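Position one of the sequence shown corresponds to residue 93 (the working numbering), numbered consecutively onward. See structure below.
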Amino acid sequence: MRTLLMVLVAALAMLTSGMARPTGGVDLTHDYLAAFRSNCAFSAAHVAALRRYRVLLVPGYFSDLDPAYFADQMRWLTATGVDHQKVAVRSRQSTAVNAPIIAAAIRTSTRPVIVISHSKGSVDVLDALRTEPALRRKVIGWISLQGAFFGSPVADLLLDDARLDPLFANAVLRLLGGTRESAQGLTTTAAHTYYRANKAAIDAVVGAVPSIAFASALDSPSGIHAKTTLEIPHELMWRDGIRNDGLVPLGAAVLPGMDFVQVSGIDHIAPVMPAMLRFDRVRMTKALLLALRTPLRTLPQQVDCKSD
């Protein structure tokens, strides 16, 4: 996947800008960082509680190209005896194809579920919960990692025939196995149109399902940018004043009313697979589970737990 991402990056010579969205949810960044620093905060009581549920991991675009996608989280869940499933979405297909697959995984689970989704996977989860309201009662928590809720300028460029040779754009999509329909759903125009058309239902999802949006930007407070294979799209968005993770603008990853975490120095790859900079994906997952409004949040930490 990382090699093919470089092909996509090469197409980004004239990246268009994205638009940040207001959130209105609770900023849980402090809670997340405190839990992340205290790796022992996720106690045996939290593990025992997590075993009551099934964790559904929903990958994003091109996820089938790299077996490392969600591998760290799955190894941890297996080691702790937590029931889990990597949902077999058709990652390079449209939301219309994948939302029913996700809905079926939720519906057929014999346990309440916690959903962990990434990038386009979050868009697919949202549509599944929007179209089948009855499923919302079964989802006791939803962690969205860098969800492309309001689209990506990368998709804008690939489908903008006036700025990029359509033959070249189609060649990139064919090489990566994607379709124009799936990319169309990730454009900023299509994403904003979808939100406006379904605002009431989306608000109902956010209100009914305890959720947290993890959004990141590659910049740091000191102005230093993290190293990434997504350097070209990141820099072009940054020059337009858009904080981003290399593919998704910071504000595009949070639905209005959704609780959120915003952190620096993490690109769009690191939360789900190895990236240029080392990042502890299991520690991140534990910290987000502790920050999320679920039964786990109220459980006590280890008495002797201290920050690293």
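Every residue gets a Cβ at the ideal spot worked out from N, C-alpha and C, and that includes glycine. For clarity, every value in this text was computed on a predicted model and none was experimentally measured.
CA-CA distance, His284 to Ala379, rounds to 30 Å.
Uninterrupted alpha helix (DSSP H) stretches at least 4 residues long and entirely within the segment 173–232 occur at 187–200 and 212–223, given in chain order.
Three or more beta-carbon pairs separated by less than 8 Å are not found between the segment 283–301 and the segment 366–379, which leaves the two stretches without contact. Among the bridge pairs identified by DSSP, Ser244 is matched with none. With distances taken between CA atoms, Gly117 lies nearest to Val346 out of Val231, Arg143, Val346 and Gly357.
Arg331 has its alpha-carbon roughly 34 Å from the corresponding atom of Leu149. Excluding the 5 residues flanking it on each side, Val374 has same chain C-beta neighbours closer than 7 Å at Asp164, Gln165 and Trp168, in chain order. If you draw a straight line from the Cα of Gly277 to the Cα of Arg146, it is about 29 Å long.
Per DSSP, Leu149 is one residue of the beta strand (DSSP E) stretching across Arg146 to Val150. If you draw a 10 Å sphere on the C-beta of Pro245, you find 16 or more other C-beta atoms in it, and that means buried. Non-local C-beta neighbours of Ser201 in its own chain, meaning closer than 6 Å and more than five positions away in sequence, comprise Arg146, ordered along the chain.
Annotation for Tyr124: Val353, Ala379 and Ala383 place their beta carbon closer than 6 Å to its own, counting only its chain and skipping 5 residues before and after. Gln165 carries a helical assignment under DSSP once its states are collapsed to helix, strand and coil.
Put simply, the backbone Cα of Val179 is about 10 Å away from that of Ile208. At the C-beta level, Gly338 and Leu310 come within 8 Å of one another. The DSSP-derived three-state label of Val355 is strand. The DSSP-derived three-state label of Asn290 is coil. In chain order, Arg375, Met376 and Ala379 place their CB closer than 7 Å to the CB of Phe128, counting only its own chain and leaving out the 5 sequence neighbours on each side. Sequence-distant Cβ neighbours of Ser308 in its own chain, meaning closer than 6 Å and more than five residues away, are Asp337, Val355 and Ile358.
Here Ala344 carries a helix assignment [DSSP, helix/strand/coil]. For Asn336, DSSP records a beta bridge to Pro341. If you check the CB distance, Gly213 and Pro151 come in under 8 Å.
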